[in-house]
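Okay, structure first, notes after.
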Amino acid sequence: MRSIPLLNVDATTVFDDVAAAKHLQRRRRMHDARTNVLAAYQEYIEAVPEVGGLAKAVLTDQQKEAMQHAFSVETAPMAALRQKLLKRTCVARCPFCGISESSTLDHYLPKEQYPEFSIFPNNLVPCCAVCNTRKRDRILDEDTNVRMFLHPCYDAIAVLEFLSVRTRVEADALVISYRLVQPEGMADLTFQHLSSHFKELDLADRYRRMGLEHLGGQYPALRRAYGVGQHAERVAEKLIEGAEDFEEISGVNYWLAKLYRALAANVDFCAGGFEAVRPQPV
Ligand SMILES: [Zn+2]
Numbered sequence: 000m001r002s003i004p005l006l007n008v009d010a011t012t013v014f015d016d017v018a019a020a021k022h023l024q025r026r027r028r029m030h031d032a033r034t035n036v037l038a039a040y041q042e043y044i045e046a047v048p049e050v051g052g053l054a055k056a057v058l059t060d061q062q063k064e065a066m067q068h069a070f071s072v073e074t075a076p077m078a079a080l081r082q083k084l085l086k087r088t089c090v091a092r093c094p095f096c097g098i099s100e101s102s103t104l105d106h107y108l109p110k111e112q113y114p115e116f117s118i119f120p121n122n123l124v125p126c127c128a129v130c131n132t133r134k135r136d137r138i139l140d141e142d143t144n145v146r147m148f149l150h151p152c153y154d155a156i157a158v159l160e161f162l163s164v165r166t167r168v169e170a171d172a173l174v175i176s177y178r179l180v181q182p183e184g185m186a187d188l189t190f191q192h193l194s195s196h197f198k199e200l201d202l203a204d205r206y207r208r209m210g211l212e213h214l215g216g217q218y219p220a221l222r223r224a225y226g227v228g229q230h231a232e233r234v235a236e237k238l239i240e241g242a243e244d245f246e247e248i249s250g251v252n253y254w255l256a257k258l259y260r261a262l263a264a265n266v267d268f269c270a271g272g273f274e275a276v277r278p279q280p281v
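Quick note on numbering: the sequence shown equals residues 0 to 281 in numbering that gives the first Met the number 0.
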């Protein structure tokens, strides 16, 4: 969960370039839809981040098909846009989860329901395949009508601490459990967005699993800090230093920063309990 910048590109130019690269029929259909599509772009920009309830543009079925086709069946300008959106270092890691590599483009407003935003750069979010698959074509929660996912380009990710993790060493295993806590001063709606995003993308379990994997890689360094003198306090210091580095770069709610903080305060873990994360020989 983190913010990413919008790509600095002119959406109208993108539309015109992609339309010009299509074959005759679809080019004509895109031209016919142009006024309504560009008006929809404007409405999107005026509504962000609450775009979940936007009225759908009035397009014929053929125009809708042409808009979806413009994204799905690649032309040189669409390939160039995809490249530009994905190649930025700042989006290399998925903004929805903060775990995996961004390898796909998610339509924040799904192109099945909003074909007008199929090639709208502001609606295309670089993300990992896991998040893209889990998000599917959903926007609003059916019961609460609240947007289910944060828009990484428009939703301000709170600086208040909302992510919490508990750790315990139990029978030679490290148990990690992540959850969200509504901090004082955070609006209910903001917390609802966060909670839904967290739950629907299965972040508690994905953070737990990737946390254990990450700690396996840290095992030699933890053992070195502990040393023959069994310095639990050096292990804690090393973890705090790591947490501070993560916080400086990725904020206080970064899942690894939280994990390092929790482990630094876990006396059992620091006093040799870190053996639980030792990777098994292959
Ligand atoms: Zn992801």
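Note that the Cβ used here is the ideal one computed from N, Cα and C, for glycine as well.
Since the structure is predicted, the reported quantities are computational estimates derived from the model, not experimental observations.
Using the beta-carbon count (16 or more within 10 Å), is E115 buried or exposed?
-> buried
Can you tell which of P48, E100, F70, L123 has its C-alpha closest to the C-alpha of L84?
-> L123
So the alpha helix (DSSP H) P219 belongs to, where does it begin and stop?
-> Here the alpha helix (DSSP H) through P219 covers 202-225.
Looking at C-beta atoms only, is the number of pairs between the segment 26-36 and the segment 52-67 that lie closer than 8 Å three or more?
-> yes
With a threshold of 8 Å, establish whether the CB of I98 neighbours any heavy atom of ligand 2.
-> Although ligand 2 was asked about, the structure shown includes only ligand 1 as ligands.
Might you give, ordered along the chain, the residues of its own chain that have their beta carbon closer than 6 Å to the beta carbon of Y253, omitting 5 neighbours on each side?
-> The beta carbon of Y253 is closer than 6 Å to those of F245 in its chain, skipping five residues each way along the sequence.
What are the start and end residues of the alpha helix (DSSP H) that includes C269?
-> 266-269
Per-residue DSSP class, three states only, for S102 = When DSSP states are grouped into helix, strand and coil, S102 belongs to the coil group.
For ligand 1, is there a heavy atom less than 8 Å away from the beta-carbon of V129?
-> V129 Cβ: within cutoff of ligand 1.
Could you please give the first and the last residue of the uninterrupted alpha helix (DSSP H) stretch that includes R167?
-> Run containing R167: none in the alpha helix (DSSP H); it sits in the beta strand (DSSP E), 162-169.
Boundaries of the alpha helix (DSSP H) in which C130 is found, first to last residue = 128-134
Note down the Cα distance separating I98 from Y206, rounded to an integer number of angstroms.
-> 8 Å
Beta-carbon contacts of Q61 that lie in its chain and below 8 Å, excluding the five residues immediately before and after = R28
Terminal residues of the continuous alpha helix (DSSP H) containing I175?
-> In the DSSP annotation of this structure, I175 is not part of any alpha helix (DSSP H); the continuous beta strand (DSSP E) holding it starts and ends at 172-179.
How would you write the range of the alpha helix (DSSP H) that H22 sits in, first residue to last?
-> Premise fails: H22 is in no alpha helix (DSSP H) and is neither H nor E.
Which residue comes first and which comes last in the alpha helix (DSSP H) that contains Q260?
-> The sequence given here has Arg at residue 260, not Gln. 254-263 is the extent of the alpha helix (DSSP H) around R260.
To which residues of the same chain is P76 closer than 6 Å at the C-beta, ignoring the five residues directly before and after it?
-> D16, V17, A20
Please state if the CB of A157 and the CB of D200 are separated by a distance shorter than 9 Å.
-> Sequence inspection shows Leu at residue 200; the Asp mentioned does not correspond to that position. Contact: no.
Name the residue from A275, N121, F70 whose alpha carbon lies nearest to the alpha carbon of R167.
-> A275
Can you find a heavy atom of ligand 1 that lies under 8 Å from the Cβ of F95?
-> yes
Whole angstroms is fine: what's the gap from Q181's alpha carbon to F190's?
-> Rounded to whole angstroms, the gap between the alpha carbons of Q181 and F190 is 6 Å.
Excluding the five sequence neighbours on either side, which residues of its own chain have a C-beta within less than 7 Å of the C-beta of P125, listed in chain order?
-> L84, L85, V90, S101, L104
Where S163 and K134 are concerned, what is the direct C-alpha to C-alpha distance, given to the nearest angstrom?
-> 23 Å
To the nearest angstrom, report how far apart L159 and H22 are at their CA atoms.
-> Cα to Cα, L159 sits roughly 51 Å from H22.
Go ahead and pull the three-state DSSP assignment for P283.
-> The structure shown does not extend to residue 283, since the chain spans only 0 to 281, so no value can be given for it.
How about F273 and L211: do their beta carbons lie closer than 9 Å?
-> No, the pair does not count as a contact, with Cβ atoms beyond the cut-off.
For P283, which beta-bridge partners are listed by DSSP?
-> Absent from the model: residue 283. The displayed extent of the chain is 0 to 281, so no value can be given.
In three-state DSSP terms, what is R146?
-> strand
Answer yes or no: do V50 and Y43 have a C-beta to C-beta separation smaller than 9 Å?
-> yes
Would you identify the three-state DSSP class for G85, choosing helix, strand or coil?
-> What sits at residue 85 in the sequence shown is Leu, not Gly. Note: L85 maps to helix in three-state DSSP.
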